[in-house]
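Numbering (full-length UniProt numbering), first residue to last: 1 to 61.
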Amino acid sequence: MPSSYENAFGDELEAIYGRGVHDLPGVVAALNSSGVRPAGGEDWTETSFTAELARLSGTEK
Numbered sequence: 001m002p003s004s005y006e007n008a009f010g011d012e013l014e015a016i017y018g019r020g021v022h023d024l025p026g027v028v029a030a031l032n033s034s035g036v037r038p039a040g041g042e043d044w045t046e047t048s049f050t051a052e053l054a055r056l057s058g059t060e061k
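Take a look at the structure:
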């Protein structure tokens, strides 16, 4: 069962993609404008975003 964070993250990504934002810098900027933050509460970076996708998908190295 997804956590509330995972649901919020997924919902925000759907909204971002729905607005036509598909490039990595644009997605990161849109996430930083949203209320969804990484676990530490800092701003998203391209590195932290891709690492979070890998973690959530179970493919992190």
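Beta carbons are placed, not taken as given, at the ideal position from N, Cα and C, and that holds for glycine.
Counting along the chain, the unbroken alpha helix (DSSP H) around residue 55 starts and ends at 46 to 57.
No Cβ-Cβ contact shorter than 8 Å links residue 36 with residue 6. Taken through DSSP and simplified to helix, strand or coil, residue 39 comes out as coil. Residue 31 sits buried, since 16 or more C-beta atoms from the chains shown fall within 10 Å of its C-beta.
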